[in-house]
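For reference, the structure discussed in these notes is given below.
Given below as structure tokens:
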């Protein structure tokens, strides 16, 4: 079964691991690059790397980012040299960024070097950036615009958010294989990622929403919101800033025109009717994943929602 | 006393440490950049870094390069990613190359970022690259040309050497401060570095030999050759390839027109007459440095040679 997933980083990683653990799932991941950044002259793709490391079994699951069994000697030496180290890069993680940065400087597209890194780390699934063109998620605050990593990592998501926008998105093209992966998928999964800063930038790339609308596959989402807040990260604050209710209905509303079903937590059972009004079928289950069995179970529920459609 | 030293890497580092340990020595180092190389997209300056680390007390004195208490997790991750790792960069060392590479890409000259790195690591002496322009030492072998690091590190100096040349030298200008440091020095020291691949590239930069000829300071060298071989490294093979005798007289011959004195090892005492014929005064002492006391003693002998001139 061809499954194509739209994914952010940490939140997506667990569900993606669950999907790859299912028999007969052939997975393609379309990853967010809106929070890419340059650190110490290195091109860093936090979401693509979290997905790649997760599927390679290398992700530090405690932190939710970077590689496990990691050291930070280079970062500490950077600090001693007077460089900013609020964005922490581990010694092993740095190798990924070095390989990518050198490839991009040679003129390789991001999609190609992303595939190379995934293959060399032993990832069987395909991982595609949403675009080879630069798209940058900008968080507008009363004190001016912040790049997403500045807002999230440097400022610890404490700034008041006025708006979220995707600089460069209007001119970006889907990376090679992205539209094909959507229109050829049996099931399209929207991972439980931040709708504003993980899924939002992907949908902002012209052609991707069109592909979702016309795709013959079943489109199922997993809600990143449980109750009135995000399971992790700043999704709530950012949804509010855009006037989107911080509820599973708010999530459904964002994806409604082309979303067939949304997997929601048992705690949000009563929202099923509201989702039905939006034309979205609610699939109710336990959505908090704290171990590999949960990851597989939630992935199975998402896939079964499509099978039973 | 203003002392200006022409320096390679490992061999020079010990004498330079000795010089900085002497009272009233104000040291400027002119470092070789002919063996600079690009590794993993990083601009690496092996000789400048060895000098900087040595004077910062950070050099791994066992290896003779890189930083002490170093780890190599990034390098191992690079290997897992399929990248060449014959040139080994440590995790802390990588920070130096990252800072330098980012500065050069911003358009900063090498001399400025070299000064920045040295200052941030607490080095009191001035460290100048011989030039901000690229000069690359090329070793010609029967199988074609090799960049110096390819010849020395990758091929372990096993290739037969036909010639040594300094690509780019003819168009290079001395870095800001280099000529001034030579003409204003009380003593100019040629460190016991490889005459072909450490001192040779410095002398190949137009204007530097002229400055040495016209400098009013006393020019004293310390021989890197003891008996019929180099104390360390491939100096012997490379001198032979250029038809230079692998003896202290061979060293004196290379620098003779403007060299006042050459510090030679007690084992080469009988070469003193030959040096005198070349117009170079021989200063005989123990030249093998195995501890800090030896480093200081040899540095003192070099400086005293100038004082007694």
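Residue numbers (the working numbering), protein chains in the order written: chain A, 556 to 864; chain B, 556 to 864. Just so you know, even glycine gets a beta-carbon here, dropped at the ideal spot from N, CA and C.
- If you check each beta-carbon in the region 633–656 of chain A against every beta-carbon of chain B, the ones closer than 9 Å belong to 633, 634, 635, 636, 637, 638, 645, 646, 647, 648, 649, 650, 651, 653, 654, 656.
- Fewer than three pairs of CB atoms, one per stretch, sit closer than 8 Å, so the region 660–675 of chain B makes no contact with the region 714–724 of chain B.
- Taking C-beta atoms as the reference points, residue 815 (chain A) and residue 775 (chain A) count as a pair closer than 8 Å.
- Excluding five sequence positions before and after residue 770 (chain A), the CB atoms of its chain that fall closer than 7 Å to its own CB belong to 737, 738, 740, 743, given in chain order.
- At a cut-off of 8 Å between beta carbons, residue 600 (chain B) makes no contact with chain A.
- Contact with chain A is absent for residue 682 (chain B), since none of that chain's Cβ atoms lies less than 8 Å from the residue's Cβ.
- Between the alpha carbons of residue 799 (chain A) and residue 755 (chain A) lies a distance of about 13 Å.
- Under the three-pair Cβ rule at 8 Å, the region 692–705 of chain A counts as touching the region 581–595 of chain A.
- Within the region 598–647 of chain B, complete beta strand (DSSP E) segments of at least 3 residues are not found at all.
- Looking only at B:789, B:781, B:659, the smallest Cα-Cα distance to residue 711 (chain B) is reached by B:789.
- Around the beta carbon of residue 785 (chain B), a 10 Å sphere encloses 16 or more other beta carbons of the protein chains shown; the residue is thus reported as buried.
- Residue 680 (chain B) and residue 608 (chain B) have their C-alpha atoms some 12 Å from each other.
- If you check each beta-carbon in the region 576–597 of chain A against every beta-carbon of chain B, the ones closer than 7 Å belong to 595, 596.
- Residues of the region 617–633 of chain A with a C-beta atom less than 7 Å from some C-beta of chain B are 626, 628, 629, 632, 633, listed in chain order.
- The beta carbon of residue 675 (chain B) falls within 8 Å of a beta carbon belonging to chain A, placing the residue at that interface.
- For residue 672 (chain A), the closest Cβ of chain B is nearer than 8 Å.
- DSSP places residue 686 (chain B) in the strand class (E or B) of the three-state scheme.
- Assignment of residue 812 (chain A) by DSSP, reduced to helix, strand and coil, places it in the helix class.
- Excluding its 5 nearest sequence neighbours in each direction, residue 723 (chain B) has C-beta neighbours in its own chain below 7 Å: 688, 689, 690, 691, listed in chain order.
- Residue 583 (chain B) has B:559, B:681 as its beta-bridge partners, per DSSP.
- The Cβ neighbour count for residue 650 (chain B), taken over all protein chains shown within 10 Å, is at least 16; the residue is labelled buried.
- In this chain, the beta strand (DSSP E) harbouring residue 593 (chain B) covers 592–594.
- In terms of beta-carbon proximity, residue 667 (chain A) stays away from the interface with chain B, with every pair separated by 8 Å or more.
- Three or more beta-carbon pairs separated by less than 8 Å are not found between the region 558–565 of chain A and the region 819–839 of chain A, which leaves the two stretches without contact.
- Proximity of residue 709 (chain B) to chain A, defined by a Cβ-Cβ separation below 8 Å, is not satisfied.
- Per DSSP, reduced to three states, the secondary structure at residue 695 (chain B) is strand.
- Exposed is the label assigned to residue 578 (chain A), since fewer than 16 other Cβ atoms lie within 10 Å of its Cβ.
- The Cβ atoms of residue 778 (chain B) and residue 817 (chain B) sit closer than 8 Å to each other.
- In its chain, beyond the 5 residues on either side, 573, 576 have a beta carbon closer than 6 Å to the beta carbon of residue 851 (chain B).
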